[in-house]
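J.: Going line by line, the protein sequences match chains A and B.
Quick note: the first sequence uses my numbering, first residue 1, plus one each step.
Quick note: the second sequence uses my numbering, first residue 1001, plus one each step.
The beta-carbon is built from N, C-alpha and C at its ideal position, and this holds for glycine as well.
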Amino acid sequence: MTKFHRYTGSIGVVVVATLSATLLSAQDDWRTTYSLYGNQGIIDMPSAVAPPDGEIASTVAVFGGNERATFTFQLLPRLTGSFRYSQIDTYDRSFDIQYQISDEGQYLPALAFGLRDFIGTGRFSAEYLVATKTFGPNVRVSGGLGWGRLGSLDGFTNPLGVLDDRFEVRPDDSIDTGGTVLAGQFFRGDAAFFGGVEWRLNEDWAVLAEYSSDIYQRETDLIGFERKSPLNFGVTWNPSEMVQLGAYYMYGTEVGVSATLALDPKTRTAEGGLDSAPLPVLERAAGVAAAASWGVNGAPASGVPVLGQVMQSDGFRLLGAEVSGNTMRVRYENTVYRSEAQGVGRVARILSQLAPDTVDRFILEPTQRGIALSAVTVQRETLIALENEPDAAARVLARTRFADAAGPAPVIAYDAGAPSFLWGVSPYATVTLFDGNNPFRGDVGLEASFEYEVRPNILISGSYRQSVLDRSDDDPSISASTLPPVRREVALFGADTGGGIEDLYIAAYGRPGRDLYSRVSLGYLERQFGGISTELLWKPVNSRFAVGAELNYAIRRDFDLGFGFQDYDVITGHVSGYYAFDNGFQAQVDVGQYLAGDIGATFGLDRVFDNGWKVGAFFTLTDVPFEDFGEGSFDKGIRIEIPVDSLIGTPTRRTTATTLRSLERDGGARLRVNGRLYDVIDGGHQDQMTQTWGRFWR
Amino acid sequence: MKTGFIFAGVLAALAACGPLHTVSPIEGLVRGAVSGALGDDSASGTPAAAAPLTRAAIEAADRDLLRISLIEREATALLSLAATNGTKATWFTSDGLSFTFDRGVLVGTRGLGADVLGSDVDGAVAAMRRGGNYARTLDFLDGLDQIERRVYQCVSVRTGEETITIFERSYRTAVVEETCTGETEAFKNTYWRDSAGTIWQSRQWISPTAGFLGYQRL
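(1) Just to confirm the assignment, what range does the beta strand (DSSP E) spanning Met1128 (chain B) have?
(2) In whole angstroms, what is the alpha-carbon distance linking Asp204 (chain A) and Asp1139 (chain B)?
(3) Please classify Ala1099 (chain B) as buried or exposed, where buried requires at least 16 other C-beta atoms within 10 Å of its C-beta.
(4) For Glu704 (chain A), which three-state DSSP category applies?
(5) Please report the straight-line C-alpha distance between Ala48 (chain A) and Leu318 (chain A), rounded to a whole angstrom.
(6) How many whole angstroms separate the CB atoms of Ile384 (chain A) and Val281 (chain A), which I take to be in contact at a CB cut-off of 8 Å?
(7) Identify the contact partners of Gly1113 (chain B) in chain A, using a Cβ-Cβ distance below 7 Å as the criterion.
(8) Using a Cβ cut-off of 9 Å (strictly closer), state whether Phe266 (chain A) contacts chain B.
(9) So for Leu1038 (chain B), helix, strand or coil by DSSP?
(10) Here's the rule: buried if 16 or more other CB atoms are within 10 angstroms of the residue's CB, otherwise exposed. What is Ile101 (chain A)?
(11) Could you check the C-alpha separation between Gly499 (chain A) and Ser426 (chain A) for me, to the nearest Å?
(12) Does the stretch 594-609 of chain A come close enough to the stretch 479-495 of chain A that 3 or more CB-CB pairs lie under 8 Å?
(13) Under the three-state reduction of DSSP, which class applies to Asp96 (chain A): helix, strand or coil?
(14) Run through chain B and tell me which residues come within less than 7 Å of Trp205 (chain A), C-beta to C-beta.
(15) Run through chain B and tell me which residues come within less than 9 Å of Ser339 (chain A), C-beta to C-beta.
(16) Drop a sphere of 10 angstroms on the beta-carbon of Leu422 (chain A), count the other beta-carbons inside from all chains shown, and report buried for 16 or more, exposed for fewer.
(17) For Tyr216 (chain A), I'd like the list of residues in its chain whose CB is within less than 6 Å of its CB, leaving aside the five on either flank, ordered along the chain.
(18) Does Pro540 (chain A) have its Cβ less than 9 Å from a Cβ in chain B?
(19) Within the continuous alpha helix (DSSP H) that includes Glu641 (chain A), where are the two ends?
(20) Based on Cα-Cα distance, which residue from A:Pro52, A:Val520, A:Thr70 lies nearest to Val60 (chain A)?
(21) Which residues of chain A have a Cβ atom closer than 7 Å to the Cβ of Phe1092 (chain B), listed in chain order?
(22) In its own chain, which residues sit with a C-beta less than 6 Å from the C-beta of Ile638 (chain A), not counting the 5 before and 5 after it?
(23) I'd like to know if Ser646 (chain A) contacts chain B, where contact means its C-beta is closer than 9 Å to some C-beta of that chain.
(24) Is Arg361 (chain A) near Asn326 (chain A), with beta carbons less than 9 Å apart?
(25) So for Ser463 (chain A), helix, strand or coil by DSSP?
(26) Would you call the CB atoms of Leu1053 (chain B) and Leu1066 (chain B) closer than 9 Å?
(27) Going by CA-CA distance only, name the one from A:Tyr505, A:Val520, A:Leu469 that's closest to Asp496 (chain A).
(28) Starting from Ile640 (chain A), find everything on chain B with Cβ-Cβ shorter than 8 Å and list it in chain order.
(29) Please name the residue, chosen from A:Tyr332, A:Gly161, A:Phe193, that lies closest to Ser152 (chain A) on a Cα-to-Cα basis.
(30) Can you grab the Cα-Cα spacing for the pair His685 (chain A) / Asp560 (chain A), in whole Å?
(31) Can you check DSSP and say which residues form a bridge with Lys614 (chain A)?
(32) Which residues bound the beta strand (DSSP E) around Tyr509 (chain A)?
(33) Please name the residue, chosen from A:Ala393, A:Ala355, A:Ser518, A:Lys539, that lies closest to Val1116 (chain B) on a Cα-to-Cα basis.
(34) Rounded to the nearest angstrom, how far is the Cβ of Leu36 (chain A) from that of Ser258 (chain A), given a contact under 8 Å?
(35) Taking just the CA atoms, how far does Arg511 (chain A) sit from Leu373 (chain A)?
(36) Assuming Phe696 (chain A) contacts Ala341 (chain A) (C-beta within less than 8 Å), just tell me the rounded distance between them.
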């Protein structure tokens, strides 16, 4: 057969090019300008131009001894959150939030208010109310009223003083270790006006000018920053939708630059993906395979190996199949496709090709780590009737039933003969962010890893890392606390040996009963701890709510990353509640005892996009007092998970995840265990499958 | 009916390339059928179009063949019929793309990235004979894995008659032009249809990114 090859006129299909698709020019929208603070603004001042919902922007900005690296996420259409790592004289972290009160109307400007650096030490602490109005296609003017730093140049008595005299004085609300919300100083003290203009020259270029109401007192005092003028000027270049580069002349003295990378989780490379075409649905017919035996009445099951091979060629591993009456049930593992709904759709079409004619109903049981996640019932006639019909995905979903799959495996087991031992060697790179003295600490080297499958639900897994850097002279100190050093000595692990056993453990998964899932992991679970981890999760297939319990016994490993342990062990465990909201947000609360023996709870909230992107934040409060915890006062951070298929276009189940912590210390530290149950099973349950059901026919 | 199973067999054969697999009798049977359909090309894996395609080769194939060009990509391929489902026929390339036509009108693609997931073409098919106005929907898959349904208002007009030649064989066809206008784009499809209703040649719009395809029945 032929592959697509370069087209030449002589052999091409004769086509008469009469009319190309006329794409009406897309609504001309002027994207948000990211300021030196890494969120919507002009240069150093904010604006009321909300980025598109879901946009994730990372900005690095430098001027006059100031360095800022900011991560901004459009949490909701009107709500922007930012996390910043910055340097003036020392490194510091800050959080901003901005809320869009109203969008721009024909006459009225867009209106927003914001809180800058509202948790922690408050070095950038400011609040503001800002309005932005567009004039013509290429001019955007913003102006606002600021408090805190934004009220520091020619500030006037706070107009909010008419409400209460206390507004007229701005107290210092921060504590030494940071980490607390500075609510006591919001919108208090002097206020001042700021404003600026953005003028777009063309699609790629814009020039900016602003009047800054920030007198830069702290920078002047601490690093001798020179500020001669309140006026800033800049130019931005957007070589693509994703990139903004800026150059600036700041405060009459300094030159600055910035670079922003903006990602939109809602679009993906290659739109619907480059997954190969699924097998088409076959009308019922007396094909060879259909006549093959399916083990009814004790006859040998010659149909199963064929099914297994066809499924394997499409990225599925058949574990078992059975035909009983008019129903065919298969249990399989989807090894390629991110969406289990897509897996269900593809396997159902394969069954339409190979199932005996007498079968009217397919029950598909996707598994991960050897445990069945759900039983999805699809009618054969539905497939035949709706393939390539309009609105076919929604119409199939309406006729599909989801049920628990805790029952026995199908009668005829199938072993694909896939190798049960897998290994690989690859380079690795890690970054430890935000330890007190260094903005980040990097490590690169080689990692050798293996996985051995004893049975589909019992895995032995391990990895060994060897760094190519000599880190033995590093100063890994994170300032001490009164707690056992369960996390703050992270840099000592492998520092002298340059590497060692990263992890080495056996994990067994199970289905102890209806709606119940279990896991036991034993061995060197992570870089710093070994031991045993047990977990039980209750999650009905159609439930948005789940409850889990985890109990671990953890022993601290030796710094050399060998087989030895240090003299510290602890019982740690949590009871966890999970809830998936209708709007895509997912909440998790874990209550229990942490590695340092402290007791408390972790609260997490993630926005989960239907295509698998996750952006979230978490914080942990325990019975460790803030002053004992040390810098940051408590553990908190943000996390991002990106499905790799949306980046590369071809199907894969891999994801890439990053957690940005303010500073990991000893309080509120959890054991790191691979393959926690909720993450393993969630994709095979009704809610997640429904999210991606558009891929059923893909 | 048999063709669908043959395609499944092709997949099974591909899967069995590793040393861990033994070749089952069924696979052998399937391989034989495929080689028979497409000559030595499928056995050796070389593109059929590398050798000049002739009427004799087309006749020798025991399966229906279709030649499709993706105009934006300047690519062309020979496809074989993989399955029929009612009035819909699904054709495959050897590198894993499929195109489904309902009575000659495109209703689905898979593997292009910017795929059509489904379409209703009853109006279009009915208007082929005498022309007419109708609404048509095309379903696309967006970046969030949701089906995006776009509705187009279409007009079909018979613009003339033309005798076309496809590899030494001539067909007397009526030329039908279908012009569709949606909220964000418009497109024009052209069909060359014989008096029995077979569309031997056409140029049809796929999606905003994938652009147009052209096909010839062989």
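T.: Taking the structure as given:
(1) Translated into the one-based positions of the second sequence, residue 1128 (chain B) becomes position 128. In the DSSP assignment, Met1128 (chain B) falls outside any beta strand (DSSP E) and within the unbroken alpha helix (DSSP H) covering 1122-1130.
(2) Locating residue 204 (chain A) in the first sequence gives position 204, counting from the first residue. Locating residue 1139 (chain B) in the second sequence gives position 139, counting from the first residue. Cα to Cα, Asp204 (chain A) sits roughly 33 Å from Asp1139 (chain B).
(3) As a position in the second sequence, residue 1099 (chain B) is number 99, starting the count at 1. Note that residue 1099 (chain B) corresponds to Phe in the displayed sequence, not to Ala. By the neighbour-count criterion, in which 16 or more other beta carbons inside 10 Å mark a residue as buried, Phe1099 (chain B) falls on the buried side.
(4) The structure shown does not extend to residue 704 (chain A), since chain A spans only 1 to 698, so no value can be given for it.
(5) Within the first sequence, the letter at position 48 stands for residue 48 (chain A). Within the first sequence, the letter at position 318 stands for residue 318 (chain A). Their backbone Cα atoms lie some 54 Å apart in a straight line.
(6) If you number the first sequence from 1, residue 384 (chain A) lands on position 384. If you number the first sequence from 1, residue 281 (chain A) lands on position 281. Correct: roughly 6 Å between the Cβ atoms.
(7) Taking the first residue of the second sequence as 1, we reach residue 1113 (chain B) at position 113. Correct list: Ala270, Glu271, Gly272, Gly273, Leu274, Gly649.
(8) If you number the first sequence from 1, residue 266 (chain A) lands on position 266. Looking at the sequence itself, residue 266 (chain A) is Lys, so the reference to Phe does not match. Taking Cβ atoms only, chain B reaches closer than 9 Å to Lys266 (chain A), which makes this a yes.
(9) As a working note, residue 1038 (chain B) is residue 38 in the second sequence. In this prediction, Leu1038 (chain B) has a pLDDT of 34, which is less than 50 and means its spatial position is unreliable; what the coordinates show is noted afterwards. Helix.
(10) By one-based count along the first sequence, residue 101 (chain A) stands at place 101. Per the 10 Å Cβ criterion, exposed.
(11) Taking the first sequence and counting its residues from 1, one reaches residue 499 (chain A) at position 499. Taking the first sequence and counting its residues from 1, one reaches residue 426 (chain A) at position 426. The straight-line gap from Cα to Cα measures roughly 14 Å.
(12) Output reads yes: the stretch 594-609 of chain A touches the stretch 479-495 of chain A.
(13) Residue mapping note: residue 96 (chain A) aligns to position 96 of the first sequence, counting from 1. Of the three classes helix, strand and coil, the one that applies to Asp96 (chain A) here is strand, per DSSP.
(14) Taking the first sequence and counting its residues from 1, one reaches residue 205 (chain A) at position 205. None at all; the shortest Cβ gap to chain B is about 27 Å.
(15) Locating residue 339 (chain A) in the first sequence gives position 339, counting from the first residue. What Ser339 (chain A) touches in chain B, judged by beta-carbon distance under 9 Å, is Asp1145, going in chain order.
(16) Within the first sequence, residue 422 (chain A) is the residue found at index 422, counting from 1. When all chains shown are included, Leu422 (chain A) counts as exposed.
(17) Position 216 of the first sequence holds residue 216 (chain A). Within the same chain, Tyr216 (chain A) has close Cβ partners Phe225, Arg227.
(18) Here residue 540 (chain A) refers to the residue found at position 540 of the first sequence. Answer no: the Cβ-Cβ gap between Pro540 (chain A) and chain B never drops below 9 Å.
(19) What you label residue 641 (chain A) is simply residue 641 of the first sequence in a count that begins at 1. Careful: Glu641 (chain A) lies outside any alpha helix (DSSP H), inside the beta strand (DSSP E) at 635-643.
(20) Along the first sequence, one-based indexing puts residue 60 (chain A) at 60. Selected option, being the one with the closest Cα: A:Thr70.
(21) By one-based count along the second sequence, residue 1092 (chain B) stands at place 92. Chain A residues near Phe1092 (chain B): Ala277.
(22) Against the first sequence, residue 638 (chain A) aligns to sequence position 638. Cβ neighbours of Ile638 (chain A) beyond the five flanking positions: Phe83, Ala617, Leu660.
(23) Here residue 646 (chain A) refers to the residue found at position 646 when the first sequence is read from its first residue. Cβ-Cβ to chain B under 9 Å: yes for Ser646 (chain A).
(24) Numbered from 1 along the first sequence, position 361 holds the residue referred to as residue 361 (chain A). Numbered from 1 along the first sequence, position 326 holds the residue referred to as residue 326 (chain A). Yes, the pair counts as a contact, with Cβ atoms nearer than the cut-off.
(25) Indexing the first sequence from 1 puts residue 463 (chain A) at position 463. Strand, per DSSP.
(26) Against the second sequence, residue 1053 (chain B) aligns to sequence position 53. Against the second sequence, residue 1066 (chain B) aligns to sequence position 66. No, the Cβ-Cβ distance between Leu1053 (chain B) and Leu1066 (chain B) is not below 9 Å.
(27) The count along the first sequence starts at 1 and reaches residue 496 (chain A) at position 496. Nearest option by C-alpha distance: A:Leu469.
(28) Taking the first residue of the first sequence as position 1, residue 640 (chain A) is located at position 640. Neighbours of Ile640 (chain A) on chain B: none; closest Cβ ~17 Å, over 8 Å.
(29) Reading the first sequence from its first residue, position 152 is the one you call residue 152 (chain A). Restricting attention to A:Tyr332, A:Gly161, A:Phe193, the CA atom closest to the CA of Ser152 (chain A) is found in A:Phe193.
(30) Counted from its first residue, the first sequence places residue 685 (chain A) at position 685. Counted from its first residue, the first sequence places residue 560 (chain A) at position 560. Straight-line Cα distance between these residues: approximately 42 Å.
(31) Within the first sequence, numbered from 1, the residue matching residue 614 (chain A) stands at position 614. Per DSSP, A:Val608, A:Glu641.
(32) For the purposes of this step, residue 509 (chain A) is identified with residue 509 of the first sequence, where counting begins at 1. Run containing Tyr509 (chain A): 499-513, per the beta strand (DSSP E) assignment.
(33) Residue 1116 (chain B) sits at position 116 when you count from the first residue of the second sequence. Checking every option, the nearest Cα to that of Val1116 (chain B) belongs to A:Ala393.
(34) On the first sequence, position 36 is the one that residue 36 (chain A) refers to. On the first sequence, position 258 is the one that residue 258 (chain A) refers to. So it is a contact: roughly 6 Å between Cβ atoms.
(35) For the purposes of this step, residue 373 (chain A) is taken as residue 373 along the first sequence, with counting starting at 1. For the purposes of this step, residue 511 (chain A) is taken as residue 511 along the first sequence, with counting starting at 1. Taking the straight line from one Cα to the other gives about 9 Å.
(36) Counted from its first residue, the first sequence places residue 696 (chain A) at position 696. Counted from its first residue, the first sequence places residue 341 (chain A) at position 341. That belief holds up - the Cβ atoms of Phe696 (chain A) and Ala341 (chain A) are roughly 5 Å apart, short of 8 Å.
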